[in-house]
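Engineer: The following block contains the structure, expressed as structure tokens.
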Amino acid sequence: MTASSVLPLFNLAPQLEPHEEELLQRLRETLQSRQFILGDAVIHFEEDFARWLQVDHAVAVNSGTDALTIALVALGIGPGDEVILPALTFVATAESIIHAGARAVFADIDAATFTIDPEAIAEQINERTRAILAVHLYGQGADMQHLHDLATRHNLILIEDVAQACGARTQGKLLGSWGHASAFSFFPTKNLGALGDAGMLVTHDEEVARRARELRNHGQTSRGQHRMVGYNSRMDSFQGAVLRQRLPLLTEWNNQRAAIAEQYARRLAGVPGVTRPATAPGNTHVYQLYTIRVPVDRREHIQATLNQAGIETGIYYPTPICRLAPYQHLQRPLPATEAATREVLSLPMWPGLSESDVDRVCSTLKLAVESANSS
């Protein structure tokens, strides 16, 4: 099998090649500016992103992980506090809580959307609970209206992890504009990706934004003056320039993802044992990942068959966070989460994925299911 015949899970080339000259020009301009950390390119991107998201403040940082951590600290969450989150997410979501000095409390997910279940959250709320950290997974939002109402009723802080759903909406509102603060990741494979690590914290609260700007720069208020212990979490100007160039392209890229998802859905309809992604009423899905469910006793065979045919797949995520070594003391029964980790399988997805490639994936998947069922 040649490298050209391998169909990757992610492919950045279709998003880079048509805009390469414009990107290079932005990078040349940044090089000539001699402003490489938090320069004008970053400031302009913060302004553009806040305007696009319709929030009051956007604070550029060096990763989505730091965006979460700084959001928690800027909101005053720390030792003695509990933050409720799902266990089906990238480990950074839990890491941010631990780094802020708080305790992570895991709640189960909704089996259809893979996002945190508001009823499961309600069961975990106690006098130590300070915040709900809602993770929007695979490109779809959590039940934000229900979570907003729950947080308001219990006087809790609501934080959004929008790493996998930039541009998605629920009830007509862009994800990231619901919470007291929200965090975005611009890792290269995300819907809006940089050419390296980068992230953004957004909020409507001026005081939270002020604290976040200080925290990202070692707690500095002015040169030589530091109000608090902070972080080295400044976005570099090259990433700011790249992201500013790419932001206007996000809607078209997300539309392409949705069209590809529709092609997958049509071709996988009726395939025994394959459950296609469901979009909750009121949600738009931007398919950062196209994640299906397959029977637990068939997944390994199906994935191996696809791999042998040169089709890359992924499992997001194979283990609930609360079963990973640093978090095992926080384990609790999470049946829907456990089931998902044993059944999810992500197929190739990126803007520009061709119809023939979707056909190839689906045809091979059908054969894999048939052979798994007959073995």
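Numbers in this note's numbering are just positions in the sequence shown, counted from 1, shifted up by 1.
Backbone N, C-alpha and C fix where the C-beta goes; we use that ideal spot for every residue, glycine too.
The structure displayed is predicted, hence computed values, not measured ones.
Write down every uninterrupted run of the alpha helix (DSSP H) in the region 22-85 whose length is 4 residues or greater and which is fully enclosed by it, in chain order.
Structural biologist: 41-54 and 65-75
Engineer: In whole angstroms, what separates the C-alpha of Ser186 from that of Ala341?
Structural biologist: CA-to-CA, the gap between Ser186 and Ala341 works out to about 23 Å.
Engineer: Which residues does DSSP list as the beta-bridge partners of Glu459?
Structural biologist: In the structure displayed, the chain extends from 2 to 376; residue 459 sits before or after that span and is not available.
Engineer: Under 8 Å, with one C-beta from each stretch per pair, do the region 66-73 and the region 91-106 reach the 3-pair mark?
Structural biologist: yes
Engineer: Span of the alpha helix (DSSP H) holding Val209?
Structural biologist: Glu207 to Leu216
Engineer: Under three-state DSSP, which class holds Ile126?
Structural biologist: coil
Engineer: Could you say which of Tyr265, Asp237 and Gly140 lies nearest to Ser364 if we only look at CA atoms?
Structural biologist: The shortest Cα separation from Ser364 among Tyr265, Asp237 and Gly140 belongs to Tyr265.
Engineer: Let me make sure I understand the geometry here. Which of Glu23, Val275, Val230 and Tyr317 has the alpha-carbon closest to that of Ala369?
Structural biologist: Val275
Engineer: Taking the DSSP output, what are the residues bridged to Phe107?
Structural biologist: In the DSSP output, where bridge partners are listed per residue, Phe107 has Leu86.
Engineer: Can you tell me whether Leu32 is buried or exposed, with buried defined as 16 or more other CB within 10 angstroms of its CB?
Structural biologist: exposed
Engineer: According to DSSP, is Met236 part of a helix, a strand, or is it coil?
Structural biologist: coil
Engineer: So Leu366 is in the beta strand (DSSP E); what residue range does that whole segment cover?
Structural biologist: Element bounds for Leu366: not the beta strand (DSSP E) but the alpha helix (DSSP H), Glu356 to Ser375.
Engineer: DSSP three-state label for Met201, please.
Structural biologist: strand
Engineer: Does Ile293 come out as helix, strand or coil in the three-state DSSP assignment?
Structural biologist: Looking at Ile293 - three-state DSSP - the assignment turns out to be strand.
Engineer: Among the candidates Leu216, Met236 and Gln146, whose CA atom is the shortest distance from the CA of His227?
Structural biologist: Leu216
Engineer: Quick check: the Cα distance between Arg29 and Gln246, rounded to an integer number of angstroms?
Structural biologist: 13 Å
Engineer: What is the C-beta distance between Pro352 and Gln257, in whole angstroms, given that I count them as a contact (C-beta under 8 Å)?
Structural biologist: Between Gln257 and Pro352 the Cβ distance is about 4 Å, and since that is below 8 Å, they are a contact.
Engineer: Roughly how many angstroms lie between the CA atoms of Gly168 and Leu24, to the nearest whole one?
Structural biologist: 21 Å
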